[in-house]
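Q: I am attaching a structure below and will ask some questions about it afterwards.
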Amino acid sequence: MTAQSATPTETDSEASGAPTPARMRQTLGAFATGVTVITGTGHDGEPVGFACQSFASVSLDPPLVLFCADHRGRAWPRIRETGRFAVHVLAAGQSDLCARFGSSRGRKYEGLDWELSRWGTPSLPGALTTIHAEVSDVRVAGDHDVVTGRVLALDQVTEDRPMLFFRGGFGLDGPAATEVTGPWGWGDRWG
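Structure follows, in structure tokens:
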């Protein structure tokens, strides 16, 4: 076979380590991340939110954070309209909250105990901490937006253990901990 006649196939891509969506998901799943819920409101005042594992601190001075949100999501475009959001860092025992906000189905706030913060964003109970911010910059990156936010306030940090997402599941304790069951999984669109 010559270089001119070679036509790459899916098998060739997998064998060469090419970054297909499936291979990206599998490979990057080996990087354990914390899990957050990003909340905000639309112009109509209705609360919205989504589970997000792509969150990071950017700068201490000025205080900046970032998250990545899927363009196809329903919540992020509405949060972007108003420009303010809250990041809730989830505790290990908050799988119900994660499932609620990680799914594209159902009414996320129905029957949920929450309050409106002084910044006009929904504040969820029991998170390890909550970060209140306003949108500072948005950059398109493939099928996601990279959102930088200027931190307005930080809520108290609790001493609970964090929720971790690893190899398509929660926790680090073995095969049983890595199964994603219920309404939340890789198939949903976060954001």
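Once you know that position 170 of the sequence shown is 169 in the numbering used here, the rest is easy, because the numbers rise by one and skip nothing.
For glycine and all other residues, C-beta sits at the position ideal for the given N, C-alpha and C.
A quick note: this is a predicted structure, and the numbers were derived from the prediction, not measured.
1) For residue 167, which option in 29, 19, 105 and 16 has the closest C-alpha, if you only look at C-alpha atoms?
2) Residue range of the alpha helix (DSSP H) that residue 101 falls in?
3) If you compare alpha carbons, which of 37, 16, 92 and 164 is closest to residue 66?
4) Buried or exposed, going by whether 16 or more other CB atoms sit within 10 Å of the CB of residue 141?
5) How would you write the range of the beta strand (DSSP E) that residue 38 sits in, first residue to last?
6) Just to confirm, are residue 97 and residue 169 a CB contact at a threshold of 9 Å?
7) Going along the chain, which residues of its own chain have a beta-carbon closer than 6 Å to the beta-carbon of residue 154, five neighbours each way excluded?
8) Using the beta-carbon count (16 or more within 10 Å), is residue 121 buried or exposed?
9) Ordered along the chain, which non-local residues of its own chain (more than five positions away) have a Cβ less than 6 Å from that of residue 99?
10) Per DSSP, what kind of secondary structure is residue 121 in: helix, strand or coil?
11) Residues in the same chain with beta-carbon distance under 8 Å from residue 90, minus the five sequence neighbours each way, listed in chain order, please.
12) If we call anything under 9 Å between Cβ atoms a contact, is residue 83 one with residue 118?
13) Reducing DSSP to helix, strand and coil, say where residue 45 ends up.
14) Mapping the DSSP letters down to three states, classify residue 157 as helix, strand or coil.
15) Taking 9 Å as the cut-off, decide whether the C-beta atoms of residue 145 and residue 70 are in contact.
16) Can residue 77 and residue 33 be called in contact, C-beta distance under 9 Å?
A: Checking against the coordinates, here is how it stands:
1) Here residue 167 refers to the residue found at position 168 when the sequence shown is read from its first residue. For the residues 29, 19, 105 and 16, the minimum Cα distance to residue 167 belongs to 29.
2) Translated into the one-based positions of the sequence shown, residue 101 becomes position 102. In the DSSP assignment, residue 101 falls within the alpha helix (DSSP H) that extends over 94-101.
3) Position 67 of the sequence shown, counted from the start, is the residue given in the question as residue 66. Residue 66 has its Cα closest to that of 37, out of 37, 16, 92 and 164.
4) Position 142 of the sequence shown holds residue 141. Flag for residue 141 reads exposed.
5) If you number the sequence shown from 1, residue 38 lands on position 39. Note, residue 38: beta strand (DSSP E), 35-40.
6) Position 98 of the sequence shown holds residue 97. Position 170 of the sequence shown holds residue 169. Contact: yes.
7) Counted from its first residue, the sequence shown places residue 154 at position 155. Contacts found: 128 and 129.
8) Numbered from 1 along the sequence shown, position 122 holds the residue referred to as residue 121. Counting Cβ neighbours within 10 Å, residue 121 comes out buried, since at least 16 surround it.
9) Along the sequence shown, one-based indexing puts residue 99 at 100. So the qualifying residues of the chain are 107.
10) Taking the sequence shown and counting its residues from 1, one reaches residue 121 at position 122. Strand, per DSSP.
11) Mapped onto the sequence shown, residue 90 falls at position 91. Contacts found: 125, 126, 127, 157, 159, 160, 161 and 162.
12) Taking the sequence shown and counting its residues from 1, the one referred to as residue 83 is at position 84. Taking the sequence shown and counting its residues from 1, the one referred to as residue 118 is at position 119. With contacts defined as CB atoms closer than 9 Å, residue 83 and residue 118 qualify as a contacting pair.
13) Counted from its first residue, the sequence shown places residue 45 at position 46. Residue 45: coil per DSSP, three-state reduction.
14) The residue labelled residue 157 in the question sits at position 158 within the sequence shown. Residue 157 falls in the coil class under three-state DSSP.
15) Locating residue 145 in the sequence shown gives position 146, where the first residue counts as 1. Locating residue 70 in the sequence shown gives position 71, where the first residue counts as 1. Their beta carbons are not under 9 Å apart, which means residue 145 does not touch residue 70 by this criterion.
16) Taking the first residue of the sequence shown as position 1, residue 77 is located at position 78. Taking the first residue of the sequence shown as position 1, residue 33 is located at position 34. No, the Cβ-Cβ distance between residue 77 and residue 33 is not below 9 Å.
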